[in-house]
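Peer 1: The structure under discussion is supplied below as structure tokens; questions concerning it will follow.
Numbering (this note's numbering), first residue to last: 880 to 1202.
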């Protein structure tokens, strides 16, 4: 009887090892092919820049190519849905941002639920946006801009990458708090050519995508949206110094389709956190006005849920609807 019991335990132990082998194998072999990062906005905008900044060192850590694929449209929803519908195997990731959280309230008929259908993988950073104007405008400070806009109601056009995006909401918040009239011009592709050409005069842009234009005088920075100045633009004061209660920032991180194996998510989280912590990457982020944001998947998931709730109140208060 004892011999039979020993034989049973031996076989059971062997079966347990065999059961565990596929799971262990996935963790040890992933990835075996290129990994795609889907970006829901055009090239040159902040999420795209962040994806490319992280992609190269992440490729080195994974030992596989990391391909950045832009799928703009529908306020970044096309890119998000592409990831939701992709196989949950860790080979398709989403460069997520504040816009994805905003869209949860903006779009009532989405074919997916961003909070439920995207597995949080890792945070990358939080960054300020900047109130930037074409240099042809005479205003050189936030108070001068408010005065100019009130003297020329409806004459200053405000560009954004789409209705309901963070730049749009920041503009609406600015309008609500100052009483200025800035007609909103949403773009499906990059608005920078028109902003640089003076066809639209103002936008709330990320420091990441605008800093070189500002440094070379092609745009003028009047103020940043965060409560403190940012290292990348030390001469731009917080807008809140002139508009009480005005403060916000954008965040960036990576997500995967719901159901992606836990061990794959954990590996990606570890490697992405290492990339963000690297001195070279960290310095580049700081230079672009982005504060690094290393998080566990659970912490990043909580951030997404909190931000979704926060921006829902702004969207509803302003009565913004997608076009």
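Note that the Cβ used here is the ideal one computed from N, Cα and C, for glycine as well.
All values reported here derive from a predicted model rather than from experimental measurement.
Below 6 Å CB to CB, which residues in the same chain sit around residue 1168 once its five sequence neighbours on both sides are set aside?
Peer 2: 1006, 1007, 1086, 1109, 1111.
Peer 1: What does the alpha-carbon distance come out to for the pair residue 1132 and residue 1000?
Peer 2: Their Cα atoms are separated by approximately 8 Å.
Peer 1: What is the DSSP secondary structure of residue 1034, counted as helix, strand or coil?
Peer 2: Coil at residue 1034, not helix or strand.
Peer 1: Got a sec, what are the start and stop residues for the beta strand (DSSP E) residue 991 sits in?
Peer 2: Where residue 991 is concerned, there is no enclosing beta strand (DSSP E), given that its DSSP letter is neither H nor E.
Peer 1: Who are the near neighbours of residue 882 in its chain, counting only those whose CB is closer than 6 Å to its CB and skipping five residues on each side?
Peer 2: Low confidence applies to residue 882: its pLDDT is 44, below 50, so where it sits in the model is not reliable enough to give any reading.
Peer 1: I need the straight-line Cα distance from residue 1134 to residue 997, nearest angstrom please.
Peer 2: For residue 1134 and residue 997, the distance between alpha carbons rounds to 6 Å.
Peer 1: Can you find the residues in the same chain that come closer than 7 Å, C-beta to C-beta, to residue 1046, ignoring five residues on each side of it along the sequence?
Peer 2: Counting only Cβ-Cβ distances below 7 Å, and skipping sequence neighbours, we find 1008, 1039, 1040, 1082, 1083, 1084.
Peer 1: With a floor of 4 residues, list each alpha helix (DSSP H) that falls wholly inside the stretch 1036-1095, ordered by position along the chain.
Peer 2: Whole alpha helix (DSSP H) segments, 4+ residues: 1045-1057, 1071-1076, 1086-1094.
Peer 1: Say the cut is 6 Å; is the CB of residue 1157 nearer than that to a heavy atom of the ligand NAP?
Peer 2: Among the components modelled here there is no ligand, and therefore nothing to report on the ligand NAP.
Peer 1: From the DSSP output, which residues share a beta bridge with residue 1099?
Peer 2: Per DSSP, 1012.
Peer 1: Identify every run of the alpha helix (DSSP H) within the stretch 943-1004, keeping only runs that are complete inside it and at least 4 residues long; order them along the chain.
Peer 2: For the stretch 943-1004, whole alpha helix (DSSP H) runs of length 4 or above, ordered along the chain, are 956-963, 977-985, 993-996.
Peer 1: From this set, 910, 1012, 1066, which residue's C-alpha is nearest residue 1097's C-alpha?
Peer 2: Checking every option, the nearest Cα to that of residue 1097 belongs to 1012.
Peer 1: Around the C-beta of residue 957, are 16 or more other C-beta atoms found within 10 angstroms, so that it is buried, or is it exposed?
Peer 2: Classification for residue 957: exposed.
Peer 1: Pull up the CB-CB distance for residue 917 and residue 974, whole angstroms please, since I reckon it's below 8 Å.
Peer 2: Contact holds; Cβ gap of about 7 Å.
Peer 1: For residue 1062, count neighbouring C-beta atoms within 10 Å of its own C-beta (all shown protein chains included) and say buried if the count is 16 or more, exposed if not.
Peer 2: Exposed is the call here.
Peer 1: Counting along the chain, where does the alpha helix (DSSP H) carrying residue 1159 start and finish?
Peer 2: It spans 1158-1166 - the alpha helix (DSSP H) in which residue 1159 sits, taken as one unbroken run.
Peer 1: Take residue 1017 and list the residues in its own chain whose beta-carbon comes closer than 7 Å to its own, dropping the five residues that flank it on each side.
Peer 2: Here the set comprises 1027.
Peer 1: Measure how close the beta-carbons of residue 967 and residue 1137 come, nearest whole angstrom, since I'm counting them as under 8 Å.
Peer 2: Yes, they are in contact, since the Cβ atoms of residue 967 and residue 1137 sit about 6 Å apart, within 8 Å.
Peer 1: For residue 1117, which residues of its own chain have a beta-carbon under 7 Å away from its beta-carbon, when the five flanking residues on both sides are left out?
Peer 2: Taken in chain order, the residues that qualify are 1102, 1103, 1105, 1106, 1107, 1108.
Peer 1: What does the Cβ neighbour count give for residue 951, buried or exposed, with the cut at 16 atoms within 10 Å?
Peer 2: So residue 951 counts as buried.
Peer 1: Determine the closest residue to residue 1048 out of 1010, 1029, 942, with distance taken between C-alpha atoms.
Peer 2: If we check each option's Cα against that of residue 1048, 1010 comes out closest.
Peer 1: So, at 7 Å on beta carbons, what are the nonlocal neighbours of residue 880 in its own chain, with the 5 sequence-adjacent residues on each side left out?
Peer 2: Legend: pLDDT at residue 880 = 43, less than 50; position of this residue unreliable, value from coordinates given subsequently. Contacts found: none.
Peer 1: I'd like to know whether the C-beta atoms of residue 1044 and residue 978 end up nearer to each other than 7 Å.
Peer 2: In contact: residue 1044 and residue 978 (Cβ atoms closer than 7 Å).
Peer 1: Contact defined as beta carbons within less than 8 Å: I believe residue 1002 pairs with residue 1179. What is the distance between those atoms, to the nearest angstrom?
Peer 2: Right, their Cβ atoms sit about 5 Å apart.
Peer 1: Report the rounded CA-to-CA distance for residue 1055 versus residue 1122, giving the unit in angstroms.
Peer 2: Distance between the alpha carbons of residue 1055 and residue 1122: 10 Å.
Peer 1: Check for me: the alpha helix (DSSP H) holding residue 935 runs from which residue to which?
Peer 2: Per DSSP, residue 935 belongs to the alpha helix (DSSP H) from 925-941.
Peer 1: Starting from the Cα of residue 1060, find the closest Cα among 1077, 1078, 1076, 1025 and give me that residue.
Peer 2: For residue 1060, the nearest C-alpha among the options comes from 1025.
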